[in-house]
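> Just so you know, the protein sequences line up as chains A and B, in that order.
Yeah, the first sequence ends on 1190 if you go by the numbering used here, and it's all consecutive.
Yeah, the second sequence ends on 255 if you go by the numbering used here, and it's all consecutive.
For each residue, glycine too, the CB sits at the ideal point set by N, CA and C.
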Amino acid sequence: MTPRPATPSAIPSKLTVNFVLPYASELSAKEVDMVIVPATTGQMGVLPGHVPTIAELKPGILSVHEGNDVTKYFLSSGFALIHANSVADIIAVEAVPVDRLDPALVQKGLADFTQKLGSATTDLEKAEAQIGVDVHSAMNSAITG
Amino acid sequence: MKSVKNIQKITKAMKMVAASKLRAIQTKAENSRGLWQPFTALLGDLPSADVKKNVVVTISSDKGLCGGINSTSVKISKGLHKLNSGPEKETKYVILGEKAKAQLVRDSKKDIELIITELQKNPLNYTQVSVLADEILKNVEYDALRIVFNKFHSVVSFVPTVSTVLSPEIVEREAESGGKLGDLDSYEVEGGETKGEILQNLAEFQFSCVMFNAVLENACSEQGARMSAMDSSSRNAGDMLDRLTLTYNRSP
């Protein structure tokens, strides 16, 4: 594994982002201006020089800002680790670019899971249906927002 | 002579099959290498952590004829067991794969917690491994998980490796005593009720990511080892065939 750069004394101008998924390294040591991650406490913006943080992620949009370009990915869940040397690691279980989400299927999924939540009896079924509702409503707001 | 020729054909065919399977899995394994690196950057890999409850997860293949890789994994697992035994310390095994099961059941039967086989029935994917990791975490009490597998360096080189995943309590302990994990406390932890809850989730996620990479690397090593084992047996069969042909032609 390549060793990580040491913490510089001055705040660097760019943030180095590693965005990894189980089956691919989506972004590897990419220099960007800012990323916005969907933490469980809400959308969190990360700039160079951010305080070191460990954040758990909920389903939502990750946006990567580079100059005037913004790339948006929908994440299922994961962790974001921000280090003192302005390196941000985002590890997600599943991620797709937002333009690959099909609105019709998302609506259908949302309706299905809401119905399952209503008719769920055991705690396990309720939990699974709740997760489905959460993910689909996040996808919905991702497409419309 | 005919039988030797047939064996040569079979081993050549097995080598080709292994080569094609290797090609398919190799890209997956290389892509998954980025997965555990952020965790190691944050938490480090501390094989020397002194803990009470060790769990050795040995990854091996189900099928044989793959050279010596399974024996090396078992040797290392047994070595870890010996290294970590002593008063108040215990080591348990979790076995993935038939070959390690066969070897470890013979002398360490009482230390085996969980045995999982037929891992590669369906192509390996993250969902399957995370369910597996969940099972292990649920059923086994651990302070440190040591995953033993063969890391795939190239078609002819597989290095037995141990990846260590520590439980959150041990991570706290090591962070307090300074050293590599010393600046873990400087990290703000967002969300959740307590810091401990997030660290617990982080440790579980780390385990499933490290397992995923380990299982893929071991699968690659298995195919590579099978390729070279079959290659050398084809060559031996060829030599034997030549010698037999000469003897046959010489005798009246």
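1) Using 8 Å for Cβ pairs, my map puts B/Met258 next to B/Ala136. What's the rounded Cβ distance?
2) What does the alpha-carbon distance come out to for the pair B/Ser133 and A/Thr1189?
3) In angstroms, rounded to a whole number, what distance separates the CA positions of B/Thr43 and A/Ile1135?
4) In chain B, which residues lie less than 7 Å from A/Ser1186 when you measure between Cβ atoms?
5) From the DSSP output, read off the bridge partner residues of B/Arg149.
6) Just the chain A side, please: which residues come within less than 7 Å of B/Asn204 by C-beta, in chain order?
7) Could you name the residues of the segment 1061–1077 of chain A whose beta carbon sits closer than 8 Å to any beta carbon of chain B, in the order they occur along the chain?
8) In chain order, what are the residue ranges of uninterrupted alpha helix (DSSP H) at least 4 long that sit wholly in the segment 82–147 of chain B?
9) Using C-beta distances below 7 Å, list every residue in its chain close to B/Lys56, excluding the 5 sequence neighbours before and after it, in chain order.
10) Just the C-alpha distance for A/Pro1050 and B/Leu46, rounded to the nearest angstrom, thanks.
11) Under 8 Å Cβ to Cβ from B/Gln209, same chain only, skipping five residues before and after it: list those, please.
12) What does the alpha-carbon distance come out to for the pair B/Met19 and B/Met230?
13) Run through DSSP, which three-state label would A/Thr1116 get?
14) For the segment 34–67 of chain B, which residues have a CB atom closer than 7 Å to at least one CB atom of chain A, in sequence order?
15) Would you mind telling me which residues of chain B sit closer than 9 Å to A/Leu1126, beta carbon to beta carbon, in chain order?
16) For the candidate residues A/Val1132, A/Gly1154 and A/Ser1182, whose alpha-carbon lies nearest to that of A/Ala1074?
17) Sort A/Asp1114, A/Leu1126, A/Pro1057 and A/Ser1054 by Cα distance to B/Ile201 and report the nearest one.
18) Taking the alpha carbon of B/Leu49 as the reference point, which residue from B/Ser166, B/Ile72 and B/Arg109 has its own alpha carbon closest?
19) How about the segment 222–236 of chain B and the segment 67–87 of chain B: do they share at least three Cβ pairs that are nearer than 8 Å?
20) B/Cys212 CB to nearest chain A CB: under 8 Å?
21) Considering only the beta carbon of each residue, do B/Asn153 and B/Ser224 sit closer than 8 Å?
22) Using a Cβ-Cβ cut-off of less than 8 Å, list which residues of the segment 18–34 of chain B approach chain A; keep chain order.
23) Need the endpoints of the alpha helix (DSSP H) that B/Ile28 sits in, please.
24) Closer than 8 Å is the cut-off here; do at least three beta carbon pairs connect the segment 1063–1070 of chain A with the segment 30–38 of chain B?
25) DSSP on A/Asp1168, reduced to helix/strand/coil?
26) I'd like to know if A/Val1080 contacts chain B, where contact means its C-beta is closer than 8 Å to some C-beta of that chain.
27) Could you check where the beta strand (DSSP E) with A/Gly1090 kicks off and where it finishes?
28) At a CB distance below 7 Å, what residues from the segment 113–139 of chain B approach chain A? Give them in sequence order.
29) Find the residues of chain B that neighbour A/Asp1179, judging by a C-beta separation of less than 7 Å, and give them in chain order.
30) Report the option in A/Gln1160, A/Leu1107 and A/Val1151 whose CA atom is closest to the CA atom of A/Val1180.
31) What residue does the beta strand (DSSP E) around A/Lys1075 start on, and which one ends it?
32) Run down chain B in chain order and give the residues with a C-beta less than 9 Å from the C-beta of A/Asp1134.
33) Does the beta carbon of A/Pro1057 come closer than 8 Å to any beta carbon on chain B?
34) When the cut-off is 8 Å and only beta carbons count, does A/Pro1148 lie next to chain B?
35) Whole-angstrom Cβ separation of B/Ala240 and B/Ile28, contact assumed at under 8 Å?
To lay it out plainly:
1) Summary: the structure shown does not reach residue 258 of chain B, with chain B confined to residues 4 through 255, and so no result is reported for it.
2) Answer to the nearest angstrom: the Cα atoms are 32 Å apart.
3) Distance between the alpha carbons of B/Thr43 and A/Ile1135: 13 Å.
4) Going along chain B, no residue has its Cβ under 7 Å from A/Ser1186, so there is no contact; the nearest lies around 19 Å.
5) According to DSSP, which records beta bridges pairwise, B/Arg149 is partnered with B/Val59 and B/Thr167.
6) By Cβ distance, chain A contributes Glu1101.
7) Against chain B - using a Cβ distance shorter than 8 Å - the residues of the segment 1061–1077 of chain A are Asn1063, Val1065, Leu1066, Pro1067, Tyr1068, Ala1069, Ser1070 and Ser1073.
8) Fully enclosed alpha helix (DSSP H) runs of 4 or longer: 101–110 and 129–142.
9) Glu93, Glu144, Tyr145 and Asp146, listed in sequence order.
10) Taking the straight line from one Cα to the other gives about 16 Å.
11) Excluding residues within five positions, the ones whose Cβ falls inside 8 Å are Trp39, Phe42, Leu46 and Val168.
12) If I take the Cα positions, the gap works out to 8 Å.
13) Here A/Thr1116 sits in strand by DSSP.
14) Within the segment 34–67 of chain B, the qualifying residues are Asn34, Ser35, Gly37, Leu38, Gln40, Pro41, Thr43, Ala44 and Leu45.
15) Chain-ordered, the chain B residues with CB closer than 9 Å to the CB of A/Leu1126 read Pro41, Phe42, Ala44, Leu45, Tyr190 and Leu205.
16) Ranking A/Val1132, A/Gly1154 and A/Ser1182 by Cα distance to A/Ala1074 puts A/Val1132 first.
17) Taking only the C-alpha atoms, the option nearest B/Ile201 is A/Leu1126.
18) Nearest of B/Ser166, B/Ile72 and B/Arg109 to B/Leu49, Cα basis: B/Ser166.
19) In short, these stretches touch, since the Cβ pair count reaches three.
20) Chain A, which has a Cβ nearer than 8 Å to the Cβ of B/Cys212, makes this yes.
21) Between B/Asn153 and B/Ser224, the CB-CB gap stays under 8 Å.
22) If the cut-off is 8 Å between Cβ atoms, the segment 18–34 of chain B has Lys31 and Asn34 near chain A.
23) Residues Lys5 to Leu46.
24) Counting C-beta pairs closer than 8 Å gives three or more between the segment 1063–1070 of chain A and the segment 30–38 of chain B, which meets the contact rule.
25) Helix, per DSSP.
26) False, the Cβ-Cβ gap to chain B never drops below 8 Å.
27) It spans Gly1087 to Val1091 - the beta strand (DSSP E) in which A/Gly1090 sits, taken as one unbroken run.
28) Those residues of the segment 113–139 of chain B that come within reach of chain A (Cβ to Cβ, closer than 7 Å) are Tyr129.
29) Under the 7 Å cutoff, chain B gives no residues; its nearest Cβ is about 15 Å from A/Asp1179.
30) Residue A/Val1151 is the option with its Cα nearest to A/Val1180.
31) A/Lys1075: member of the beta strand (DSSP E) spanning Ala1069 to Val1077, first to last residue.
32) Within 9 Å Cβ-Cβ: Gln40, Pro41, Phe42, Ala44 and Leu45.
33) Output row for A/Pro1057: interface = no.
34) No, because no Cβ of chain B sits closer than 8 Å to the Cβ of A/Pro1148.
35) Contact between B/Ala240 and B/Ile28 is ruled out by a C-beta separation of about 27 Å, above the 8 Å threshold.
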